[in-house]
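In my numbering, the protein residues as written are 870 to 1286.
Just so you know, even glycine gets a beta-carbon here, dropped at the ideal spot from N, CA and C.
Here the structure is a predicted model, which is why all the values come from computation and not from measurement.
Since the structure comes first, as C-alpha cells, the remarks are kept for the end.
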Ligand code: HAM
C-alpha cells in the first residue's frame, strides 16, 4: 500500500474549510494593502537559492530537495518564496515599474526537515514582498500587515519579536565582537555552534541548546553596533509601530535562518509556544536583488506557513465557516425519471444552483442516505408519475417538509429560498 511520503500529508476535504478560510483572508489582506498576486514555478535553478538564501544555511546545506532533470540542469524544489519573487522581479523588468512593487504568493515549499507537529517536508507559504523601497514606513507596513492578518483570522495572543541586524557596513564589526565573545566559550559550545562560529556566526545566537542559549543571552547585541543609518532606520520603524499601536518585543537573539536579511528582522509567535512555534517571519533584504544581478534594490517582506496557522486555529477553537454544500440532491426512480434527472441537474447547475445527482440504480431509501451525506439543503425526488406530470417532489432536508413543484418552477422556487 502506498503512503504519502514522510513529512507530507493529504489535505482532506473536511480540512479544506480551514484552508479556504485562511486563503480568503490572505487575498483580502493583500487587496487592502495593494499587493498583486504572483505565482512562481515550484522548482527553480538550484543556484538561485544557494546565492540568495546562502550555502551555509541549514535550508540550503541540509534541507533542499535538489535534483538533475533529464537535460542535466540542477534544479531545486523551492524551499521558500522570496528568492523566486526577486528572480521574477528581475526577469520581468519590474524595476522599470513605479516602486515599490508589491507582490504576494501562496503555494507549497519543500524542506527536508525532521517531521513533527508544525514541521513538514512540504508546507505551504503565504508571503508578501515590497520591492524597491527603503523607507522604514514600508517595514512598519509589512509588520502591521502580518499582525492584522493573524488578528483577522481570529487568533489571539499572537506576538511580534523584532530586531535589527544591520547592513553590510556595520555587520562585519558586530560579527567580530560576537566571535570574540564566543571564543571565550569555545569549549562549551555544542558541535553545531562550533561549526557556526566559523561558517555563520550570526546563527550562534539562534541555538536552541540550553547551554548555548546562556552564551547567546550574554552576547553583545547587534543593535548596539549599528551604523548611524541603520540605527535611525530601526528607530523610525519602532516609532511607526508605536503610532500604529502594534505591540512588539525587542529580541536581540532574533537573527532568522536565511542569509539575505539586512536591518529589520521579525517573527510572529503564537500564544502557545512549542519547538516549531513561529507562525511567520520576515524582514528587510536590501542586498538580495543586487546579489542576483540587479541594481541595488531595497526590499522587505514576510511569509507564514499555512499548516501552522491551521494548527493554531484548531488549538484556539476558532470557528471557520463550513464549505458550501449543494443546494439540491436529485433522487430518481426508473429509467424515464433518470433521463429527466440528468436534464434537470444540468439546468440547475446552469442556473448556479449546486446539484448532486444520484447515480447507479439504488433504492429510494439508499438514495436518501446519499442525499444526507451530500449535505444538500433540498432533495428533489423524481418518479414515473412526476415525469408524467412534469413535476417533482421537493423535500426540505432541514424540516422534512415536502411539496410538489412543477419542473418549470423549480429554479425559481429554489432561488427564492
Ligand atoms: P521562514 O521563517 O524560513 O522564512 O519560513 C516562513 C514560515 O514558513 C515559517 O514561519 C513557518 O510558519 C513556515 N515554515 C517554514 N518551514 C516549515 C516547515 N518545514 N513546515 C511547516 N511550516 C514551515 C522564509 O521562508 C522567508 N522567505 C520569509 C520572508 C519573506 N522574508 C522576507 N520575505
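Item checked: Residue environment, residue 879, which counts as buried when at least 16 other CB atoms sit within 10 Å -> exposed
Note to self: Does residue 914 come out as helix, strand or coil in the three-state DSSP assignment?
What the structure shows: strand
Margin query: Could you check whether the region 964-975 touches the region 923-936, counting it as contact only if at least three pairs of C-beta atoms, one from each stretch, sit closer than 8 angstroms?
Written below: no
Notebook entry, point to check: Hey, how far is the Cα of residue 1269 from the Cα of residue 1238?
Noted result: 14 angstroms
Check: If you compare alpha carbons, which of 994, 1214 and 1076 is closest to residue 948?
Finding: 994
Checklist line | For residue 1103, the first and last residue of its enclosing alpha helix (DSSP H) | finding: 1097-1112
Margin query: Quick check: the Cα distance between residue 966 and residue 902, rounded to an integer number of angstroms?
Written below: 18 angstroms
Notebook entry, point to check: What residues are listed by DSSP as bridge partners for residue 1226?
Noted result: 1199
Item checked: Closer than 7 angstroms: residue 1173 CB and nearest the ligand MN heavy atom -> Among the ligands in the structure shown, the ligand MN does not appear; only the ligand HAM can be found there.
Notebook entry, point to check: Is residue 1033 near the ligand HAM, with its Cβ less than 7 angstroms from a heavy atom?
Noted result: no
Checklist line | Contact set for residue 1160: own chain, Cβ-Cβ below 8 angstroms, skip 5 residues either direction | finding: 920, 921 and 1129
Check: So, is residue 874 buried or exposed, given that buried needs 16 or more other C-beta atoms within 10 angstroms?
Finding: exposed
Checklist line | 3 or more residues per run - each beta strand (DSSP E) lying fully within the region 1032-1109 | finding: none
Next item on the list: Could you spell out the range, first to last residue, of the beta strand (DSSP E) harbouring residue 943?
Entry: 943-946
Next item on the list: Return the bridge partner residues of residue 889 from the DSSP annotation.
Entry: Partner(s): none; residue 889 has no beta bridge.
Margin query: Helix, strand or coil, according to DSSP, for residue 925 in the structure here?
Written below: coil
Check: In three-state DSSP terms, what is residue 1136?
Finding: strand
Item checked: Cα-Cα separation, residue 987 to residue 908 -> 24 angstroms
Notebook entry, point to check: Sorted by chain position, which residues of the same chain lie with C-beta nearer than 6 angstroms to residue 1255's C-beta, five sequence neighbours on each side aside?
Noted result: 1261
Notebook entry, point to check: Between residue 1266 and residue 1245, which are expected to be in contact by the criterion C-beta below 8 angstroms, what is the C-beta distance as a whole number of angstroms?
Noted result: 6 angstroms
Notebook entry, point to check: How is residue 958 classed by DSSP in three states: helix, strand or coil?
Noted result: helix
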